[in-house]
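Residue numbering for the sequence shown follows my numbering, starting at 3 and increasing by one per position. C-beta: ideal position from N, C-alpha, C; glycine also. Everything numeric in this text was worked out from a predicted model, so none of it was measured. Since the structure comes first, as structure tokens, the remarks are kept for the end.
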Amino acid sequence: MIKQLFSSQSKTITGAAIILGVASFVSRLVGILRDRVLAHHFGAGDVLDAYYSAFRIPDLLFNLLIAGALSAGFIPVFLEIWKKDKQRAWDLTNSLLSLVLICFAIASVILYAVTPSMMRALVPGFDAQKLDLTISLTRIMLLSPIFLAISSVISSVLHSLKNFMVFAISPILYNLGIIAGVVFFVPRFGVTGLAWGVVLGALLHVGIQIPALIHQGFSYRPLLNIKDTYVKKIVLLTIPRTLGLATHQINLLVVTLIASGLSAGSVTIFHFANNLQYFPIGLIGHSFAIAAFPTMAALVAEGRTHQMIEHLSRTIRQILFLIIPATIIFLLLRAQIVRVILGS
């Protein structure tokens, strides 16, 4: 059973999307449980305002430097090399892992030092006590992008090899880590236990994927070659996706800045609402997109552009077939959904 989990491969886009969709559904349910636990323990007030604001700097670091942009650049290049020389593909993975680890460690140290100045600019409406709490939580959470960045490299390799199962499970463990922070760490360490729960979740996110990568034949070696033409190619391919992610992060920064000047709980309310509206997007849109991309990248690498366009068209139709009814349901039942999930 465990061996199958680490070695399973999806043969079709629909099959992979089903795996990701089911796991995403479970993950979203655990995410709802996470929000319900947070709401029950703290309510929409100063603590959760500080907690959600503390995500802004770590999330900005992770999303701008890696996040979904990495898979967009890495998967096509990895598949191109994999077909010619598997060892060369593993060398590229080693080099990228080393580069990511060094860059994120340095960036986290720098951001740790400038966190007070950045948070004063980001949440000018917070009083001194609330600001201090936000700074403390942010500094602890800066560990999480390091683990999540490594996890993104590993998941990109697994996606390339059409192993989606372990990646699909990792967000569930991430949310369980956060819940563990609320239930076990907060009573022991106080409010900072929330941040340590995030770090635990990030560690579990990467930890579950490492055995699957090793099972594929990978062995880590501290290799770093920033002059590698393939590394440069990956960086260039990630730029368009990074720019798209930047706009979303800027939007979140602006919302947090504005909400910090409103009544206590405003930042929290926005994030609860944002998490709910992402439920159908993550369940349907992300599942199909993640499942389809490796296949389409492989078709492009083989010069089969026409087949790639057919796959893209089919995937878009499948997404629209599911996402439109889901959106209508959420619009019509928005009040009931909020009451059921956050009513306590």
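Between Ala-52 and Thr-136, the CB-CB gap stays under 7 Å. Contact between Ser-162 and Phe-274 does not hold, since the beta-carbon distance rounds to 35 Å and is not under 8 Å. Secondary structure of Ser-157 (DSSP, three-state): helix. The beta carbons of Ile-321 and Gly-284 sit no closer together than 7 Å.
When DSSP states are grouped into helix, strand and coil, Phe-274 belongs to the helix group. Here Phe-281 is buried: its Cβ has 16 or more other Cβ atoms, across all protein chains shown, within 10 Å. C-alpha of Ala-109 to C-alpha of Leu-133: approximately 22 Å in a straight line. It is roughly 5 Å from the alpha-carbon of Ala-261 to the alpha-carbon of Val-269. DSSP assignment within the stretch 188-231 yields the following whole alpha helix (DSSP H) runs of 4 residues or more, N-terminal first: 188-191, 194-209, 212-217. Around Phe-220, the same chain offers Trp-92, Thr-95, Val-159 as residues with beta carbons nearer than 8 Å, after the five sequence neighbours per side are excluded.
In the assembly as shown, Ser-29 is a buried residue. Its beta-carbon has 16 or more other beta-carbons within 10 Å. The three-state secondary structure of Ala-107, taken from DSSP, is helix.
When DSSP states are grouped into helix, strand and coil, Leu-322 belongs to the helix group.
Around the CB of Phe-290, 16 or more other CB atoms lie within 10 Å, so the residue is classed as buried.
In the displayed model, Ala-328 falls within a helix according to three-state DSSP.
Of all alpha-carbon atoms in Phe-187, Arg-141, Ser-172, Leu-66, the one lying nearest the alpha-carbon of Gln-251 is that of Leu-66. Between Ile-174 and the set Leu-333, Ala-328, Pro-327, Ala-25, the nearest pair of CA atoms involves Ala-25. DSSP places Ala-266 outside any alpha helix (DSSP H), giving it a letter other than H or E. Counting along the chain, the unbroken alpha helix (DSSP H) around Lys-132 starts and ends at 130-143. Boundaries for Asn-165: no alpha helix (DSSP H) harbours it, and the DSSP string shows neither H nor E there. Under the three-state reduction of DSSP output, Arg-38 falls in the helix class.
In this structure, the beta-carbon distance from Phe-64 to Pro-126 does not fall below 7 Å. Pairing Ser-153 with His-207 gives a Cβ-Cβ distance under 7 Å. Taking C-beta atoms as the reference points, Val-188 and Gly-195 count as a pair closer than 7 Å.
For Ala-56, the uninterrupted alpha helix (DSSP H) segment begins and ends at 48-56.
Around the Cβ of Pro-60, a 10 Å sphere holds 16 or more other Cβ atoms; the residue is buried. Take Val-102, set aside five residues on each side of it, and the residues of its chain with a beta-carbon closer than 7 Å to its own are Ile-68, Ala-151, Ile-152, Val-155, in chain order.
The criterion of a C-beta distance shorter than 7 Å is satisfied by Thr-258 and Ser-55.
In this structure, the straight-line span from the alpha carbon of Leu-278 to that of Ile-210 is close to 26 Å.
Counted as a single uninterrupted DSSP element, the alpha helix (DSSP H) harbouring Val-342 occupies residues 336-344. For Met-167, the closest alpha carbon among the candidates Arg-141, Ala-214, Trp-84 is that of Ala-214. Between Tyr-114 and Arg-90, the C-beta spacing is not below 7 Å. About 13 Å separates the beta carbons of Gly-75 and Leu-247, which is beyond the 8 Å limit, so they are not a contact pair. Look at Val-237 here: in three-state DSSP terms it is helix.
When only Cα atoms are considered, Ile-181 and Arg-36 end up about 6 Å apart.
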